[in-house]
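Since the structure comes first, as structure tokens, the remarks are kept for the end.
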Amino acid sequence: MHPPLHPADVGRVPHAGTAMRLHWEHLPPLVRREVERRLGSPVASATSQDSGFTPGFASRLVGRDGQRLFLKAAHRTAQKAYAAAYAQEVRVLRSLPMDDLPAPALRWWENDLEGWTVVAFEDVDGRPPHRPWEDDDVTACLDALARVAEVDPDPEPLDLKPLHEDLPTFVTGWDTADYAGIDWPHVAELSELAHAYPELPDAEHFAHLDGRDDNFLVRPDGTALLCDWNWPALAPRWVDVVHLLVSVHGDGRDVTRLLAEHPVTAGVPDDHVDSFVAALGGFMAEADLRPVPTTSPHLGTHRRWWAAACWSWLASRRGW
39 MHPPLHPADV GRVPHAGTAM RLHWEHLPPL VRREVERRLG SPVASATSQD SGFTPGFASR
99 LVGRDGQRLF LKAAHRTAQK AYAAAYAQEV RVLRSLPMDD LPAPALRWWE NDLEGWTVVA
159 FEDVDGRPPH RPWEDDDVTA CLDALARVAE VDPDPEPLDL KPLHEDLPTF VTGWDTADYA
219 GIDWPHVAEL SELAHAYPEL PDAEHFAHLD GRDDNFLVRP DGTALLCDWN WPALAPRWVD
279 VVHLLVSVHG DGRDVTRLLA EHPVTAGVPD DHVDSFVAAL GGFMAEADLR PVPTTSPHLG
339 THRRWWAAAC WSWLASRRGW
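In this note's numbering, the protein residues as written are 39 to 358.
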């Protein structure tokens, strides 16, 4: 990485094709038979959803009788981390008030089906938001995040930790990047802002923390649902909205009004927003020092783009 980069100079990931996933025929016959039994019909089509950055199975299934499911699956040994993430998503969703949650309904799951973790959701009639971001999609996704900000689960069953404890490099990323010789302008200020994040007030709220465009579905009625609930932590209630606005800024949009007027972020002090954005940028800059896995060849571009988007927004906000 040669900083500072503007997001437009990094290049774009292919937003609908970042993942190298298993397909339906890769699942063992016994797993496929059990899925079809629960679906109530043989699978006529399986369309892999190749956004995201993990190699687990994620496909829209349609039975011969028209029944539909969205299915995730990962092998508990060969894909241990992803199977654990899918199991965690089930625990999270079972602990949340699903009637009020902007999320696809959880249908059923098997934690150890012939060595596989398998999770089935309703198949939502929807599409990912357009990128670059468009006004209607931004509004729909921000509305969904406003509903997430009202979620108030009991953190004990989920054993949720503060974000900076769950991901220590969220605070120390700029330190590591600096030690590695990546000469970002204002790196001392970036590090200071990031280290201030654990001191932000009211940081005990449930946060989704993965509200990227590829985890939203915009429905025909213009509303949005949020997917992939496997990485929550405790954080200020506004962080999910700011996280999304980083990417909207990175697409060249002025997000000043959105930040000031959104009901979740209105009134949040500028330094608090900057602290989170600096920490997020450092987390991505530090992550870019690690090798890119062969199963996710676009992850490096993704990391650099987000680091650049964070830096660009901070530079605009702080007059760098």
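The C-beta atom is built at its ideal place from N, Cα and C for all residues, glycine as well.
Beta carbon of G49 nearer than 9 Å to that of W343:
Yes.
What do you reckon, are the CB atoms on H281 and L228 nearer than 9 Å?
Cβ distance not < 9 Å, so H281 and L228 don't count as in contact.
Own chain residues within Cβ distance below 7 Å of N253, not counting five before or after:
The residues L264, C265 and D266, in chain order, have a CB closer than 7 Å to that of N253 in the same chain once the five nearest residues on each side in sequence are set aside.
How should E188 be labelled, buried or exposed, when 16 other C-beta atoms within 10 angstroms of its C-beta is the threshold for buried?
When all chains shown are included, E188 counts as exposed.
With H, G and I counted as helix, E and B as strand and the rest as coil, what does DSSP make of N149?
It is a strand residue.
Bridge partners of W222, per DSSP?
Looking at the DSSP assignment, W222 forms no beta bridge with any residue, so it has no partner.
Check for me: the beta strand (DSSP E) holding V256 runs from which residue to which?
F254 to V256 is the extent of the beta strand (DSSP E) around V256.
As a quick exercise: from G164, L231, I220 and F244, pick the residue whose alpha carbon is nearest that of L196.
Nearest option by C-alpha distance: F244.
When F108, G90 and G288 are compared against V73, the one with the closest alpha-carbon
Here the closest residue by C-alpha is F108.
Can at least three beta-carbon pairs, one atom from the region 201-212 and one from the region 287-298, be found at a separation below 8 Å?
Between the region 201-212 and the region 287-298, the count of C-beta pairs closer than 8 Å stays below three; the two stretches do not touch.
Cβ atoms of R275 and D240: under 9 Å apart, would you say?
Contact flag set, yes.
Answer with buried or exposed for N268, where buried requires no fewer than 16 other C-beta atoms within 10 angstroms of its C-beta.
Residue environment for N268: buried (at least 16 other C-beta atoms within 10 angstroms of its C-beta).
Once the 5 residues before and after P191 are set aside, which same chain residues still bring their CB inside 7 Å of it?
Hits under 7 Å: S133, L134 and F244.
Mind reading off the beta-carbon distance from P170 to W358? Whole number of angstroms is fine, and I expect it under 8 Å.
Contact doesn't hold; Cβ gap of about 24 Å is too wide.
Kindly give me the distance between the Cβ atoms of F95 and L65, rounded to whole angstroms, as I take these residues to be in contact under 8 Å.
That belief holds up - the Cβ atoms of F95 and L65 are roughly 6 Å apart, short of 8 Å.
Cβ-based neighbour list, A46, same chain, cut-off 8 Å, excluding 5 preceding and 5 following
So the list reads G290, once near-sequence residues are dropped.
By alpha-carbon positions, which one of S86, D174 and V279 ends up nearest to A57?
Minimum Cα distance to A57 is reached at S86.
Taking all protein chains shown into account, decide if P258 is buried (16 or more other Cβ within 10 angstroms of its Cβ) or exposed.
With fewer than 16 Cβ atoms within 10 Å of its Cβ, P258 is classed as exposed.
Could you tell me the boundaries of the beta strand (DSSP E) in which F91 lies?
No beta strand (DSSP E) holds F91; DSSP gives it neither H nor E.
Do you know offhand how far V100's Cα is from L139's?
Approximately 25 Å, taken between the alpha carbons.
In terms of DSSP beta bridges, what is F159 paired with?
According to DSSP, F159 bridges with F108 and L144.
Restricting to runs no shorter than 4 residues, where is the alpha helix (DSSP H) found entirely within the region 230-313?
Every unbroken stretch of the alpha helix (DSSP H) spanning 4 or more residues and falling wholly within the region 230-313 is given here in chain order: 277-288 and 294-299.
Can at least three beta-carbon pairs, one atom from the region 173-183 and one from the region 113-120, be found at a separation below 8 Å?
Taking a cut-off of 8 Å for Cβ pairs, the region 173-183 and the region 113-120 do not touch, as fewer than three such pairs fall below it.
Look up A82 in the DSSP assignment and say whether it is helix, strand or coil.
Under the three-state reduction of DSSP output, A82 falls in the strand class.
Can you tell me whether L68 is buried or exposed? The criterion is at least 16 other CB atoms within 10 Å of its CB, across all chains shown.
Exposed is the call here.
Is L327 a contact residue of the ligand NAP, with contact defined as CB to any heavy atom under 8 Å?
Ligands displayed in this structure: none; no statement on the ligand NAP is therefore possible.
Could you please give me the residues that DSSP links to L99 through a beta bridge?
Bridge partners of L99: A84 and L107.
Kindly indicate which three-state DSSP category R169 falls into: helix, strand or coil?
R169 falls in the coil class under three-state DSSP.
Out of curiosity, what's the CA-to-CA distance linking R76 and Q105?
Cα to Cα, the separation comes out at about 10 Å.
Buried or exposed, going by whether 16 or more other CB atoms sit within 10 Å of the CB of T115?
When all chains shown are included, T115 counts as exposed.
CA nearest to the CA of V130, picked from A304, L327, H336 and L272:
Here the closest residue by C-alpha is L272.
Assuming L327 contacts A234 (C-beta within less than 8 Å), just tell me the rounded distance between them.
At roughly 23 Å, the Cβ-Cβ gap does not stay under 8 Å, so L327 and A234 are not in contact.
Can you list, in chain order, the residues of its chain with a C-beta nearer than 7 Å to that of R356? Leave out the 5 residues immediately preceding and following it.
So the qualifying residues of the chain are D312.
I'd like to know if A158 contacts chain C, where contact means its C-beta is closer than 9 Å to some C-beta of that chain.
In the displayed structure, chain C is absent; only one protein chain is listed.
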